[in-house]
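J.: First to last, the sequence lines map onto chains E and G.
Each residue of the first sequence is one higher than the last, beginning at 13 in this note's numbering.
Each residue of the second sequence is one higher than the last, beginning at 47 in this note's numbering.
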Amino acid sequence: MTQEIPSIHADDLHAEATVGERTVGVRLVGSADTRSMKPLDAMLDRVHAAALERSAPEVVVDLRQCDFINSSCLKSFVVWLNRIQDLPTEQQYKIRFLSDDRKHWQRRGLGTLSCFAVELVRIEAEPRERA
Amino acid sequence: MNEPDLPAQLVARFRAAALERIERIESAWLALTQQMGGDEAERDLLHDMHTLKGEARVVGFADVVLITQRLEDVFFVARRHRYRIHEDVDVVVTMGLQFLRMLVRKRAGTSHGGIDLNGFLAHIDEVLSEWPRQPEMAEGPASTASVGSDGAGVAQQTRLRLGLAATDVYLSSIASPSDARLRRAWTLLASELADLTAVQILPLLRRYASAAKDLAGELGKAVEVAVTSPDVRVETEVLDALNAALLHTIRNAVDHGIEPAQMRHARGKPPRGSIEIEVSSRDDAIEVTIRDDGGGIDVERVRERAVALGLARADVAKAMAVDDAIELVFAPGMTVRESASAISGRGIGLDAVRASIERVHGSIRIASQDGRGVTVSIRFPRAGRAIEVHRLPSTRQGVVLALPTTWTLRDADAGAAVDPLDLLAVGAAPGPRQRYLVARDGVEHALWAGGPPSRATAVRICPTAPSVPAEVVEIDSVEALLLRPDAIFKTPGP
Numbered sequence: 013m014t015q016e017i018p019s020i021h022a023d024d025l026h027a028e029a030t031v032g033e034r035t036v037g038v039r040l041v042g043s044a045d046t047r048s049m050k051p052l053d054a055m056l057d058r059v060h061a062a063a064l065e066r067s068a069p070e071v072v073v074d075l076r077q078c079d080f081i082n083s084s085c086l087k088s089f090v091v092w093l094n095r096i097q098d099l100p101t102e103q104q105y106k107i108r109f110l111s112d113d114r115k116h117w118q119r120r121g122l123g124t125l126s127c128f129a130v131e132l133v134r135i136e137a138e139p140r141e142r143a
Numbered sequence: 047m048n049e050p051d052l053p054a055q056l057v058a059r060f061r062a063a064a065l066e067r068i069e070r071i072e073s074a075w076l077a078l079t080q081q082m083g084g085d086e087a088e089r090d091l092l093h094d095m096h097t098l099k100g101e102a103r104v105v106g107f108a109d110v111v112l113i114t115q116r117l118e119d120v121f122f123v124a125r126r127h128r129y130r131i132h133e134d135v136d137v138v139v140t141m142g143l144q145f146l147r148m149l150v151r152k153r154a155g156t157s158h159g160g161i162d163l164n165g166f167l168a169h170i171d172e173v174l175s176e177w178p179r180q181p182e183m184a185e186g187p188a189s190t191a192s193v194g195s196d197g198a199g200v201a202q203q204t205r206l207r208l209g210l211a212a213t214d215v216y217l218s219s220i221a222s223p224s225d226a227r228l229r230r231a232w233t234l235l236a237s238e239l240a241d242l243t244a245v246q247i248l249p250l251l252r253r254y255a256s257a258a259k260d261l262a263g264e265l266g267k268a269v270e271v272a273v274t275s276p277d278v279r280v281e282t283e284v285l286d287a288l289n290a291a292l293l294h295t296i297r298n299a300v301d302h303g304i305e306p307a308q309m310r311h312a313r314g315k316p317p318r319g320s321i322e323i324e325v326s327s328r329d330d331a332i333e334v335t336i337r338d339d340g341g342g343i344d345v346e347r348v349r350e351r352a353v354a355l356g357l358a359r360a361d362v363a364k365a366m367a368v369d370d371a372i373e374l375v376f377a378p379g380m381t382v383r384e385s386a387s388a389i390s391g392r393g394i395g396l397d398a399v400r401a402s403i404e405r406v407h408g409s410i411r412i413a414s415q416d417g418r419g420v421t422v423s424i425r426f427p428r429a430g431r432a433i434e435v436h437r438l439p440s441t442r443q444g445v446v447l448a449l450p451t452t453w454t455l456r457d458a459d460a461g462a463a464v465d466p467l468d469l470l471a472v473g474a475a476p477g478p479r480q481r482y483l484v485a486r487d488g489v490e491h492a493l494w495a496g497g498p499p500s501r502a503t504a505v506r507i508c509p510t511a512p513s514v515p516a517e518v519v520e521i522d523s524v525e526a527l528l529l530r531p532d533a534i535f536k537t538p539g540p
């Protein structure tokens, strides 16, 4: 049984994971930069383990209140995705990002991330406000 | 990925070397964007990427070649911006290197959940096309969030501050002509400013000429690329817009314009396609023309696609003159191909190219002759670097003054006058001098000069803000002090 996944309470980043019977979710609030990399890597490791243990079909990552993730931390998501890609097809699960389309960095960052594995990454964007 | 029939050992060796190269490229990129990398980091970055591209081509990793080519395009522009880049650029490079890692590791028959190579290339192309409007990092590492800051304005202010500092050094150097250090400092500052404000166009054209031949080789086509250009410099923003236009135009010419050798033979054309890139420089504008001798635009196909995409009504499209129908290629969302190709991809459209050119007050037009090729003409105004001036000798040997021709200048036989060199704390020299009246909008100032004026065109090499009394310009490659009467003469003259 997976232990509870510790939250991150860094200077600018708050992140928490929720684990259900067959569901796993992560919510990031604030900004993730190079200082947040290690704790974020550790959290995503545990999230991956929890998803496998529960045979979760997907992990939901809520970035709607996330103001910024720099390129180094986006790399942490790529590494996570690579680990899913390395699994046998039947064990691969999907990552569904809840994003805020008004944040340009999310469109660019998640857009490039989804190109790594369009079948594994899904982006649900809150619609952009009309100009 | 199509791995050719190569010994597994060779492919394994490529994989191991490529991963090491990517690691080194990543370190060099990080150092350069954090402003901590010197020439060595830049050499590593460019050399490793170039070698990776070459090795990938040898072992048939075509998708790796495509990504490395695009990243080289990004590095080329980032280098010009001294690696002070927008976060978006950092994202596509960092993710691009991760993408390369994935492609290098990927083995035939494994499921990666759908790699979207074209989608990724489109992100890189978008970032390249948006570069002129992207806020740059004002200072500090790229890892610091700078989204939302008006970097373009900051860059201009930085230039003006540097211009002010350089003008001060120039004035000190002419006040103390025996101080060689001051002269060296001025020369260095002037050179740095020249690089910041205006860059040579020719290296960019040569780079695209070489890239066009590489692309043609990958497509099994032979293309000659001729570049004709005088030594022209343009603002960095203009060069970035031109970069986006060339990226699109040349890839399209090679991928879709130039026909395969067999088809060219059947059409009575030489087997080798031709692309000419020509730059002409006029007083008020610079024009870049790209001509290919390919098949030209299929105008009927453009009409059909415009209708299919809902960009024009069928009856309107049908009735359009050929030139108007060709204009449809600039419509947002327009693409003549139903599926993307790996080279031209489904990246930036011509609407984005036109938008980036219009942002720097330029224009782009396309002409096509069926079966004979396409001509793309891009025109940029010479944005404020050249100004018309009255040139006149100062009272000091070797120091030339200039006044904007928006002010009139005439002899004055009598009355008080001031020497601008005294006002600038350079120190006037005794000797023959002549009094002149500088006038505009009813305001007059009298000044001493060393001889009669003549009209000339000056080039701004060291721009300062309008409130600063002077800046250094060049007239026929000779430095001159451009005076701003409003600022230098604090009190109305006689």
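Virtual Cβ for every residue (Gly too), placed ideally from N, Cα, C.
Considering only residues of the stretch 201-259 of chain G, which uninterrupted alpha helix (DSSP H) runs meet the minimum length of 4 residues and lie entirely inside it, listed in chain order?
T.: You should have 226-243.
J.: Can you grab the Cα-Cα spacing for the pair D53/E / P69/E, in whole Å?
T.: Approximately 21 Å between the Cα atoms of the pair.
J.: Would DSSP call L110/E helix, strand or coil?
T.: Of the three classes helix, strand and coil, the one that applies to L110/E here is strand, per DSSP.
J.: Which partner residues of C508/G appear in the DSSP bridge assignment?
T.: C508/G pairs with V518/G.
J.: According to DSSP, is L33/G part of a helix, a strand, or is it coil?
T.: Nothing can be reported for residue 33/G: it is not among the residues displayed for chain G, which extend from 47 to 540.
J.: Does any CB atom of chain E fall closer than 7 Å to the CB of V120/G?
T.: So no, V120/G is outside the interface.
J.: One question on the structure: do I321/G and A257/G come within less than 7 Å of each other, judged by their Cβ atoms?
T.: No; because the gap between Cβ atoms is not below 7 Å, this pair is not in contact.
J.: Taking the Cβ atom as the reference point for each residue, do P81/E and A129/E lie within a distance shorter than 7 Å?
T.: The question names Pro, but residue 81/E is Ile in the sequence shown. Contact: no.
J.: Does F107/G have its Cβ less than 7 Å from a Cβ in chain E?
T.: So, not an interface residue.
J.: Ordered along the chain, which non-local residues of its own chain (more than five positions away) have a Cβ less than 7 Å from that of E83/G?
T.: Rather than Glu, the amino acid found at residue 83/G in this sequence is Gly. Around G83/G: A74, A77.
J.: Roughly how many angstroms lie between the CA atoms of E455/G and R437/G, to the nearest whole one?
T.: It is Leu, not Glu, that sits at residue 455/G in the sequence shown. Their backbone Cα atoms lie some 10 Å apart in a straight line.
J.: According to DSSP, simplified to helix, strand and coil, what is L528/G?
T.: Looking at L528/G - three-state DSSP - the assignment turns out to be strand.
J.: Measure from the alpha carbon of M148/G to the alpha carbon of each residue in S513/G, F166/G, A365/G, then state which is nearest.
T.: Cα-wise, what sits closest to M148/G is F166/G.
J.: Identify the continuous alpha helix (DSSP H) that holds F121/G and give its terminal residues.
T.: 108-126 is the extent of the alpha helix (DSSP H) around F121/G.
J.: Among V406/G, A413/G, R313/G, whose alpha-carbon lies nearest the alpha-carbon of F376/G?
T.: Minimum Cα distance to F376/G is reached at A413/G.
J.: If we define contact as Cβ-Cβ less than 7 Å, is S88/E a contact residue for chain G?
T.: Not closer than 7 Å to any Cβ of chain G, the Cβ of S88/E fails to qualify, so no.
J.: Given that a residue counts as buried once 16 or more other Cβ atoms are within 10 Å of its Cβ, and exposed if not, what is I20/E?
T.: Under this definition I20/E is a buried residue.
J.: Could you check whether S237/G and L228/G sit closer than 7 Å to each other, using their CB atoms as the reference points?
T.: Cβ distance not < 7 Å, so L228/G and S237/G don't count as in contact.
J.: On the three-state DSSP scale, how would you describe I161/G?
T.: Coil.
J.: Can you tell me which of V484/G, R479/G, S500/G puts its alpha carbon nearest to the alpha carbon of W494/G?
T.: Residue R479/G is the option with its Cα nearest to W494/G.
J.: Counting only beta-carbon atoms, is T35/E nearer than 7 Å to chain G?
T.: For T35/E, the answer is no, since every Cβ of chain G falls outside 7 Å of its Cβ.
J.: What does F426/G pair with, by DSSP beta-bridge criteria?
T.: Answer is I332/G.
J.: Out of curiosity, what's the CA-to-CA distance linking R486/G and T503/G?
T.: Approximately 20 Å between the Cα atoms of the pair.
J.: Under a CB-based cut-off of 7 Å, is C78/E close to chain G?
T.: Taking Cβ atoms only, chain G never reaches closer than 7 Å to C78/E, which makes this a no.
J.: Name, going along the chain, the residues of the stretch 101-130 of chain E whose beta-carbon falls closer than 9 Å to a beta-carbon of chain G.
T.: Here the close residues are T101, Q104, K106, K115, H116, W117, R120, G121, G123, T124, L125, S126, C127, F128, A129, V130.
J.: Establish whether the CB of F166/G and some CB of chain E are separated by less than 7 Å.
T.: Yes, contact with chain E.
J.: Count the C-beta pairs between the stretch 458-469 of chain G and the stretch 498-514 of chain G that are closer than 8 Å, then say yes if the count reaches three, no if not.
T.: As far as the Cβ criterion goes, the stretch 458-469 of chain G does not touch the stretch 498-514 of chain G, which means the pair count is below three.
J.: In chain E, which residues lie with their C-beta within 8 Å of the C-beta of A83/G?
T.: Inspection of the sequence shows that residue 83/G is occupied by Gly rather than by Ala. The contacting residues do not exist; G83/G stays about 16 Å from chain E at best.
J.: Quick check: what's the CA-CA separation for S111/E versus V38/E?
T.: Cα-Cα distance, rounded: 12 Å.
J.: Leaving out the 5 sequence neighbours to the left and right, which residues in its chain are closer than 8 Å to A62/E when beta-carbon positions are compared?
T.: Only T14, I17, A29, V31, V36, A68 meet the Cβ criterion.
J.: Hey, would you say L75/E sits closer than 7 Å to L40/E, going by beta carbons?
T.: Yes, the pair counts as a contact, with Cβ atoms nearer than the cut-off.
J.: When you compare only the Cα positions, how much space is there between V139/G and E404/G?
T.: Those two C-alpha atoms are separated by around 27 Å.
J.: Return yes when the Cβ of A221/G is within less than 7 Å of the Cβ of V472/G, no when it is not.
T.: The answer is yes: Cβ separation under 7 Å.
J.: Taking just the CA atoms, how far does L292/G sit from N298/G?
T.: Each residue's Cα considered, the two are about 10 Å apart.
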